[in-house]
Structure formats: structure tokens, C-alpha cells
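K.L.:
Numbering (my numbering) for the sequence shown: 11 to 324.
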Amino acid sequence: MNKDLLYRFFEGQASVEEMKKIKEWTERSSENRSRLYRERKLFDAMHIVAASQRGGKPLDSGKAVHLSLFREFMKIAVIVAVTVCVTATFFSIGNKDRNVAMQTVTVPPGQRVNLLLPDGTDVWLNAGTTMRYPVSFMEGKREITLDGEAYFDVKRDEECPFVVHTHAMDVEVLGTKFNVEAYSKKDFFETSLMQGKVKVTLPADKTKSVLLAPNQKTTLTDGQLVVSKIDDYGSYRWKEGLYCFHDKTLGEIMQDLEKYFDLDIKIHRKETADVVLTGKFRISEGLDYILRVLQTDVSFTYRRDTDQNIIYIK
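1) For the structure I just gave you, are there three or more beta carbon pairs, one from the segment 172-188 and one from the segment 199-211, closer than 8 angstroms?
2) Shortest alpha-carbon distance to P128 belongs to which of F147, F198 and H175?
3) Can you give me the Cβ contacts of E168 inside the same chain, cut-off strictly under 7 angstroms, excluding the 5 residues immediately before and after it?
4) Taking the alpha-carbon positions, what's the L304 to Y193 distance?
5) Look at the alpha carbon of L230 and the alpha carbon of K30, and state the distance between them as a whole number of angstroms.
6) Taking the alpha helix (DSSP H) that E268 belongs to, which residues open and close that run?
7) Below 8 angstroms CB to CB, which residues in the same chain sit around T97 once its five sequence neighbours on both sides are set aside?
8) Could you give the residue range of the beta strand (DSSP E) that holds I321?
9) For the segment 136-145 against the segment 260-271, are there 3 or more C-beta pairs whose distance is under 8 angstroms?
10) So is L221 buried or exposed if we call it buried at 16+ other beta carbons inside 10 Å?
11) Taking 8 angstroms as the threshold (C-beta atoms), are V237 and T259 in contact?
12) Using a Cβ-Cβ cutoff of less than 7 angstroms, which residues in the same chain neighbour P196 once the five nearest sequence positions on both sides are dropped?
13) Please report the straight-line C-alpha distance between K13 and D180, rounded to a whole angstrom.
14) Taking its Cβ as the centre, do 16 or more other Cβ atoms sit within 10 Å of Q234, making it buried, or is it exposed?
15) Taking V308 as the reference, which of I277, Y143, N319 and Q121 has the closest Cα?
16) Buried or exposed: which applies to Q121, given that a residue is buried once 16 or more other Cβ atoms fall within 10 Å of its Cβ?
17) Going by DSSP, which residues form a beta bridge with E159?
18) Could you tell me whether the Cβ atoms of F310 and T282 are closer together than 8 angstroms?
19) How about I263 and I323: do their beta carbons lie closer than 8 angstroms?
20) With C-beta atoms as the reference, is F172 less than 8 angstroms away from R142?
21) For E250, does the three-state DSSP call read helix, strand or coil?
22) Under the three-state reduction of DSSP, which class applies to F199: helix, strand or coil?
23) Look at D157 and D132 and say whether their C-beta atoms are less than 8 angstroms apart.
24) Pop quiz: E250 and T211 are said to be a contact at Cβ under 8 angstroms. What is the actual Cβ separation, rounded to whole angstroms?
25) In terms of DSSP beta bridges, what is P144 paired with?
26) Return the Cβ separation of L253 and K290 in integer angstroms, given the expectation that the two are a contact with Cβ distance under 8 angstroms.
27) What does DSSP give as the partner residue(s) for G289 in the beta ladder?
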């Protein structure tokens, strides 16, 4: 199979006939399927590595340099340690003539990653986030599944809405900049709009939806979508590697750090948890450094239980 054709497929530029050709080719043998997955991983690796080297700016796919698979994954391991995997089967999207492989990107604790989707949409994924999307979007449909937090700069397409499915809500846009936080294990959902327009809908009841205007956010509270004004943009600087907090209690800060570093933090005393703080840290500085700095403002000690992955604060 011609590599240029495979890359056009990954970029969403392949015709229907070319997609059928690729589908038939992958169904002929497991070797062909393995090659498709290798090429897709290499394709993603080039975008992720380039984004890291260029300060987070996605690399234009037409300028990507085809490096060896080994070199690419060595760079990925060093730079972001992100897991990219392509499922072993094709999934039907739309109709029987339009099947496409799905892939999953998982970001480890303490990391973040920037990548370009097949339609040109720019995405930042926060720590502990998993995103699932097709290797090539089909005509009239751009759908991804998110568990965690992501910032999207969606390439505008009037004929093809962009939909983010989460455990709690669906977010639909045409072209816009917005942030979605939806970690299923934290049972939390919030969408914040910076530019454009988004529609947030309850999957089980399409009549329950809200439209957001720029500088608005909606949070799922007691089964209801509550809309409010964005009053602090610092919290969205996570894509710069910063954790910013303004007038947050130590308890709320610990909840955020649980998300970033994938562990449990238990505070023994309520008066300690209720102390209000403002500040910012680089996530790359690590949890122990952050806790030591916080100790200069709040009187507490902490103990780490590595077996249970819990930190106890007293």
C-alpha cells in the first residue's frame, strides 16, 4: 500500500474510493492491519513530537518529516510519554461503505500533550485524559469521545459539526475555542467557551441543553446545567503547563492535584482544608515541590502511602 495514500487517509483527505481501497487492503491480512497501525502511530508521533519541539504549535502535516518508528517513539517517551494506540478493528461510521479504525490517546499523570486531529482541529489534552477518535473523519460527522480535560480550537466546517461525547454531556460546535473538563471518576462536568458558540446537551434527554456565548461556562450541578460567567481564565493555563488557583481552599487545590497526579489526597483537619490560597505552579515541578511550597503558607505535614497511592495531610 502506498504510504502517501495512507497519510492522506489519516489527514482526512482520502476519497471514498480510496477509503474503500484501504479498507479492503487491511481486511486481506493481519500483516496489512499491523502496517496500518504502525503508520498511524508514526503519523501521530510526528505531530506530537513536532508540537513539543515548537512550543506546542502543531506541525503542518504537509511538512512532517518521516522519521523511523523507533526514533519517533524514543522521542515520544522522553518528551511526553503519551500512549497512542489504534484499535484492531474497523468500526462502522455512517454506512457500510464508510468504515474507519478508531484510536485512543492517553496522557499520563503530570503530563499534557498537543496534537492535530484529522480535520485540522488543534487539541490540548490535560493530565490523566483519554481521548478516542477516528483515524479519519467521515463526511458530515466529526465525533470524538473524551474522559478528562481538553482544550479545542476547532477548524470551522458549516457542513460538519464537531461533537465531543463525555460521560455526562455532549458538546456540539461548528468552529470555536472551548475547554471541556469531564473526568468520569471525579463525576464532574464543565464546558467553558472562549470564542464562537457551543451547544451542550444531555445525551439521555436531548431537550435538556444550553447554548453558550463567549466568556460563559456551564457546570453540571445536581443534574442541571448551570450557566455562569468565566471570572478567572488562569485555570485554563494548564495547557501552558501551569496550575493557577485564585481564592481556592487547600481542599479544592488538593482535589485538582489528585487529578493532575492520579492519586488520592486526604486532609485530616477541616481547618487545614478550609485555608484559602492564591498562586500558581508549574506541574513539571512535581507534587512534592508543590506541597513543600504550600507548607510555607499553611501549617501541615504529609505522609505518602506508596502502596495505596494516597497522601495523608495532617
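By construction, the Cβ of each residue, glycine as well, lies at the ideal position given by its N, Cα and C atoms.
Small disclaimer: the values here were computed from a predicted structure and weren't measured.
P.N.:
Checking against the coordinates, here is how it stands:
1) Contact check between the segment 172-188 and the segment 199-211: three or more CB pairs, one atom from each, fall below 8 angstroms, which counts as touching.
2) Considering only alpha carbons, the answer is F147.
3) The beta carbon of E168 lies closer than 7 angstroms to those of L184 in the same chain, with the five residues before and after it left out.
4) A direct Cα-to-Cα measurement between L304 and Y193 gives close to 25 angstroms.
5) Roughly 41 angstroms separates the two Cα atoms.
6) Start and end: L260 to F271.
7) With a pLDDT of only 43 at T97, under 50, the local geometry of the prediction cannot be trusted, and the value read off the model is given with reservation. Excluding positions up to five away in sequence, the list reads A111, M112, Q113 and T114.
8) Per DSSP, the continuous beta strand (DSSP E) segment holding I321 begins and ends at I320 to I323.
9) Output reads yes: the segment 260-271 touches the segment 136-145.
10) Around the CB of L221, fewer than 16 other CB atoms lie within 10 Å, so the residue is classed as exposed.
11) Not closer than 8 angstroms, so no.
12) In the sequence as displayed, the identity of residue 196 is Lys instead of Pro. Annotation for K196: K269 place their beta carbon closer than 7 angstroms to its own, counting only its chain and skipping 5 residues before and after.
13) About 35 angstroms.
14) Q234 comes out exposed.
15) Among I277, Y143, N319 and Q121, the Cα nearest to that of V308 is on I277.
16) Buried, since its Cβ has 16 or more Cβ neighbours within 10 Å.
17) Looking at the DSSP output, E159 bridges to E191.
18) Closer than 8 angstroms, so yes.
19) Going by C-beta atoms, I263 is not nearer than 8 angstroms to I323.
20) The answer is no: Cβ separation not under 8 angstroms.
21) Three-state result, E250: helix.
22) In the three-state reduction of the DSSP assignment, F199 falls in the coil class, being assigned neither a helical nor a strand state.
23) No, the pair does not count as a contact, with Cβ atoms beyond the cut-off.
24) Wrong, their Cβ atoms sit about 30 angstroms apart, outside the cutoff.
25) In the DSSP output, where bridge partners are listed per residue, P144 has M112.
26) The identity of residue 253 in the sequence shown is Tyr, whereas the question assumes Leu. Correct: roughly 6 angstroms between the Cβ atoms.
27) Paired residue(s): F255.
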